[in-house]
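Worksheet: one structure, shown below.
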Amino acid sequence: MNFLELFSGIRRKQASPSEAPNHWVKCDNCHALMYYKEIQSSNNVCPKCNFHMRISPLQRIELLSDEGSFIEYDVALHAVDPLKFVDSKSYKKRLSESEEKTGRKSAAISGECLMNGVKTQLVVFDFAFMGGSLGSVEGEKVVRAVQRAITNKTPLVIVCASGGARMQESTFALMQMSKTSAALKLLADEKLPCICVLTDPTMGGVSASFAFLGDIIIAEPGALVGFAGARVIKQTIGADLPEGFQRAEFLLEHGLIDAIVQRSELKQCISDFLKLLSRS
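With our numbering, letter number 71 in the sequence shown gets 136, and the count goes up by one each step, no holes.
This is the structure in structure tokens:
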């Protein structure tokens, strides 16, 4: 209680954490504290150190597609529990919690948009939904996007953000790796371009399948990209690993990806590649 409250008998009501808006954002890299509007205006990129913070799939769609052009497909697809899987909690419970948290039924949003006037099939993964894990529904959405691209003779863009295949679906999830890879082969046979964008993180079965099967593979600065985690690899091979060996910059230096593109330049870069590849 402050001096005014003590002598006036008036005490201010303290706002609860849920009521008090958080107007300040701390960068996870340089730890600078910035006003939230400063971060929003830079597409969630730290203006002090260029650290690319994670963004929601809706923000990603807004960033990449022309205003009002995005049409979502396969909204009703949802996962089932064929194995009746239970670990610390049931798979059904985890799905329910993720649906409540994100307002969506799967970790992938699939649709069609214009990207600087280029009609494009777009799939965006949501890391907030069970770590963006690849399950039966997510694999099906990728395949259906490929089918629409072939039918409409349009290119495909996949924005990856995933921890890998969904263990709660076991073999059903692992089969999505071959299923999506086979679908992209059909797209290639039709000579239709596919661009994969690797964001932080792109790991596991996603990186081992469609994420690295695009005609052009682009990553955001500093994105974590790999298969197994660094600690697991170190324990397996019994040797120290190069610093930053699973970051986008290391992958570009060793020829595993084609480009690292700033988030603000991503839409222009992708649309330029799509126009070039479509003409080819």
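Each residue gets a CB set at the ideal place from its N, CA and C atoms; glycine is no exception.
All of these numbers come straight from a predicted model, not from anything done at the bench.
For residue 72, which residues of its own chain have a beta-carbon under 8 Å away from its beta-carbon, when the five flanking residues on both sides are left out? Because residue 72 carries a pLDDT of 35, less than 50, the predicted location of this residue cannot be relied on, and the following value inherits that uncertainty. None.
Mind checking who residue 148 pairs with in its DSSP beta bridge? According to DSSP, which records beta bridges pairwise, residue 148 is partnered with nothing at all.
Can you grab the Cα-Cα spacing for the pair residue 333 / residue 293, in whole Å? When rounded, the separation of the alpha-carbon atoms in residue 333 and residue 293 is 32 Å.
Assuming residue 239 is part of the alpha helix (DSSP H), what are its boundary residues? Run containing residue 239: 236-254, per the alpha helix (DSSP H) assignment.
Classify residue 151: buried if its beta carbon has 16 or more other beta carbons within 10 angstroms, exposed otherwise. When all chains shown are included, residue 151 counts as exposed.
Give a yes or no on contact between the region 210-219 and the region 151-164, applying the rule of three or more CB pairs nearer than 8 Å. Counting Cβ pairs under 8 Å, fewer than three are found: no touch.
Apart from the five residues on each side of it in sequence, which residues of its chain come closer than 8 Å, Cβ to Cβ, to residue 397? One cannot answer for residue 397 here, as it falls past the ends of the chain, which runs 66 to 345.
Residue 295, DSSP secondary structure in three states: Here residue 295 sits in helix by DSSP.
Three-state class that DSSP yields for residue 265 in the structure shown: Strand, per DSSP.
Mapping the DSSP letters down to three states, classify residue 219 as helix, strand or coil. In the structure shown, residue 219 adopts coil according to DSSP, grouped into three states.
Using only CA atoms, which one of 244, 117, 179 lies nearest to residue 219? Looking at 244, 117, 179, the one whose alpha-carbon comes closest to that of residue 219 is 179.
Apart from the five residues on each side of it in sequence, which residues of its chain come closer than 8 Å, Cβ to Cβ, to residue 136? Within the same chain, residue 136 has close Cβ partners 176, 177, 178.
Those residues which DSSP pairs with residue 137 across a bridge: Paired residue(s): 176.
Thinking just about the alpha-carbon of each residue, which of 202, 138, 109 is nearest to the one in residue 147? Minimum Cα distance to residue 147 is reached at 202.
Reduced DSSP secondary structure (H/G/I, E/B, other) of residue 186: When DSSP states are grouped into helix, strand and coil, residue 186 belongs to the strand group.
Looking at C-alpha atoms only, which residue of 185, 132, 205 is the closest neighbour of residue 215? For the options 185, 132, 205, the alpha carbon positioned closest to that of residue 215 is the one of 185.
For residue 301, count neighbouring C-beta atoms within 10 Å of its own C-beta (all shown protein chains included) and say buried if the count is 16 or more, exposed if not. Looking at its Cβ environment, which holds fewer than 16 other Cβ atoms inside 10 Å, residue 301 is exposed.
Using a Cβ distance threshold of 8 Å, determine whether the region 271-281 contacts the region 309-320, with at least three qualifying pairs required. Short answer: they don't touch.
So, at 7 Å on beta carbons, what are the nonlocal neighbours of residue 84 in its own chain, with the 5 sequence-adjacent residues on each side left out? Here the model assigns residue 84 a pLDDT of 39, short of 50, so the residue's position is not dependable, and the following value carries that caveat. Around residue 84: no qualifying Cβ.
Would you list the residues sitting across from residue 99 in a DSSP beta bridge? Beta-bridge annotation (DSSP): residue 99 is paired with 90.
In whole angstroms, what separates the C-alpha of residue 99 from that of residue 242? A straight-line Cα-Cα distance of about 40 Å links residue 99 and residue 242.
Close-in-space but distant-in-sequence residues of the same chain around residue 114 (CB under 6 Å, 5 per side omitted): Excluding its 5 nearest sequence neighbours in each direction, residue 114 has C-beta neighbours in its own chain below 6 Å: 94, 95, listed in chain order.
Decide if residue 205 is buried, meaning its Cβ has at least 16 other Cβ atoms within 10 Å, or exposed. Per the 10 Å Cβ criterion, buried.
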